[in-house]
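In the numbering used here, each residue carries its 1-based index in the sequence shown increased by 41. See below for the structure under consideration.
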Amino acid sequence: MKLMELLSEDELKEMLEGFSPLASAPLFVLDERGGIIARAGRAEFGCQMEGGFSVEEGAARCAEETCPRFAEQTSAPIEVYRERLGFVVGCGGRAAQAVPLLAGLISRRAKDEFELDSLSAEILDKYEEINLLYDISGALGAIFDTELICRLVLEKAMRVIEVRKASVMLLDEEEGVLRIAAGVGIPKGASVTVRLGEGISGRVAQTGKPLLLDNVEDLPPDWRGEGRGYRAKAFVSVPLVCSTQRAEGKVLGVINMADKKSGQPFTSEDLKLLTAIASQAAIAIYNSQLVEELREAERVRREMEIARRIQMSLLPERPPEVEGLELAGRCVPASAVGGDYYDFFVADGKVGLLIADVSGHSVGPALMMAITRSALRSEIARGRSPAEVLAATNAAMYEDLSRAELFISMFYASYDKGTRTLTYANGGHNPPFIWRAREGKCTPLDADGMLIGILEDVCYEERATELHPGDVLVLYTDGVTEARNERGEQFGEERLHRAVEERGHLSAQELLDDIYRRVREFSGGLAQRDDITMVVMKVL
């Protein structure tokens, strides 16, 4: 701080000239090194002094050259906030009274100017900061690309806080790690991920509190991850804390800065500004993530709709009419489409019944079921037995299912009307059952067999049983037995068997309707978690 930076020479001279007659003595203002800045009184004596003298020497020379009574000189310091900027010197007359008053006046005037300059600079800084925040807000308002937001925020922050290295890291909540979404000057080999709670960034994200460091070396070794490789030791990390009503206090990530181009440490003002920028960025990032979630939800919804159309197009429009039998089938898809499938095949006095469930949801499993349907129909058309149909389908579909990381449970039965014999094989599906009209009880159809798509070469067990008039065959997927009520209980096989035992005298369609009604009432209006698919065959 220099006196001449606060007050002009003319202003100082004016004050001296006002006091000189009152002091009846020459007056001088000296800088901190003893050089004359301004003078008044007895100017005719002249006093050409060069800088470089001590204050005492300068005052003595002034007094000696302007007043014979130089021994009567008086001096008083000019100070602003205890920093000495110069002196007021007077000789003879009433200088002893006037000099301290004048020094105090100049000190107060210099202090006022200093405070005014400081306030102006602060206002200008605040104005620039406000402009920056408005600029950021305007720039981010219409952007819903998270990575682009991070790059823009970093770019604008680095224009105000000039650093060589900076990064924006976003939190992956599922994996519990921070990942760099945008960065400048990141040291080669630096980790692009930091676990929550580890290192500077991890701890700032975990606590939600900013951290300003003059020297990262003062931290414990396990804290210094991000500080290694930087020229300077100063480091600042600020959390991206969302302040919206829906996500109050939610930490989305952090902004890091290091290596100021000036080589100076970060200040509290830097921290305040970066915190304000981080707050703006967090809101934009949060909104962007919401938009991305909505887009993803819409994409999934459309995909589910496509999958549902594919799935429903695979199902028979109505069961075939076969003399001596009643057939019924239905698939009620869940909101998250599964891969349930059923079908009927009639040829050469035989009726084939198939039910299957492909793992997974959405378009992929639905398309896989469509491909599997073609393979099944091809094998069944060749007149193969149930075990042969499953084995051939598994061999044909193994590579595709394995690559897609999917599998299919499947049950296929062939009923010979002439002999009333039901031949069947099971590929890892829920065991169907027969309700024996004479006994009034349900009997599971057990047969060993691997899921389709698990192993390439599989042999399936084949079994046969005779049916009698009134007997009912029920095929179903796990969506029936795993339907849940509000207490979390499953509908289960026992309730399914009881429903058939109580209502087995109904027609196939009426029995199917009754079971669906019971499942719906059991669930009590809860959202359906899986497809509910059933096939009923009744022997007349």
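C-beta atoms are modelled at their ideal positions from N, C-alpha and C, and glycine is treated no differently. Nothing here was measured: the structure is a model prediction, and the numbers come from that model.
If you look at PHE452, you'll find it in the beta strand (DSSP E) that goes 449 to 457. Scanning its chain for C-beta atoms nearer than 6 Å, with the 5 sequence neighbours on each side dropped, one finds around SER61 the residues LEU68, ALA81 and GLY82, in chain order. Checking the DSSP bridge columns, you'll see PHE385 partnered with LEU394.
DSSP, reduced to helix, strand and coil, places TYR557 within a helical segment of the structure shown. When rounded, the separation of the alpha-carbon atoms in GLY566 and ILE347 is 25 Å.
By the criterion of a C-beta distance shorter than 8 Å, GLN531 is surrounded in its chain by THR522, GLU523, ALA524 and ARG525, once the five residues flanking it on both sides are discounted.
In the DSSP assignment, the residues bridged to ASN297 are SER208 and SER278. Under the three-state reduction of DSSP output, TYR501 falls in the coil class, being neither helix nor strand. Per DSSP, reduced to three states, the secondary structure at GLU339 is helical. Ranked by Cα distance from LYS482, the first of VAL282, LEU514 and SER548 is LEU514. Non-local C-beta neighbours of LYS579 in its own chain, meaning closer than 6 Å and more than five positions away in sequence, comprise GLU367, VAL513 and ALA549, ordered along the chain. Excluding five sequence positions before and after ARG559, the CB atoms of its chain that fall closer than 6 Å to its own CB belong to ALA540, given in chain order.
Separation of the CB atoms of GLU507 and THR462 is rounded to 6 Å, and the pair is thereby assigned contact status at 8 Å.
Scanning its chain for C-beta atoms nearer than 7 Å, with the 5 sequence neighbours on each side dropped, one finds around VAL225 the residues LEU195, MET199, LYS206 and ALA207, in chain order.
Cβ neighbours of GLY490 within its own chain (closer than 7 Å, five residues either side excluded): LEU431, ALA466, ASN467, GLY468, GLY469, TYR501 and GLU502. With 16 or more other Cβ atoms inside 10 Å of its own Cβ, THR464 counts as buried. Out of ILE77, GLN321 and CYS372, the CA that lies nearest to the CA of PRO360 is found in CYS372. Excluding its 5 nearest sequence neighbours in each direction, ILE573 has C-beta neighbours in its own chain below 6 Å: VAL373, GLY520 and VAL521, listed in chain order.
Rounded to the nearest angstrom, the Cβ distance from GLY380 to GLY401 is 7 Å, consistent with a contact under 8 Å.
When the Cα atoms are used, ILE296 and SER159 turn out to be separated by approximately 29 Å.
Rounded to the nearest angstrom, the gap between the Cα atoms of VAL282 and MET409 is 44 Å. As computed with DSSP, SER116 is found in a beta bridge with VAL130. With respect to the C-alpha of GLU188, the residue from GLU154, GLU203, ILE177 and ALA223 having the closest C-alpha is ALA223.
In the structure shown, the three-state DSSP call for PRO141 is helix.
ILE449 and ARG479 have their C-alpha atoms spaced approximately 35 Å apart. For MET45, same chain residues with a beta-carbon under 6 Å away, outside a window of 5 residues either side, do not exist. In this structure, the beta-carbon distance from LYS197 to ILE177 falls below 8 Å.
In this chain, the alpha helix (DSSP H) harbouring ILE412 covers 404 to 422. DSSP, read as helix, strand or coil, puts LEU492 in coil. For ARG236, the CB contacts under 7 Å within the same chain, skipping 5 residues up- and downstream, are GLY217, VAL218 and GLY243 in chain order. In this structure, the beta-carbon distance from LEU496 to ALA369 does not fall below 8 Å.
In terms of Cβ geometry, ILE326 and ILE475 do not form a close pair [threshold 8 Å]. Annotation for GLU535: the continuous alpha helix (DSSP H) segment containing it runs 533 to 544. Residue SER415 holds the alpha-carbon nearest to the alpha-carbon of PHE386 among SER415, PRO406 and ALA407.
Under the three-state reduction of DSSP, GLU367 is assigned to strand.
In this structure, DSSP gives LEU71 an extended state, which the three-state scheme calls strand.
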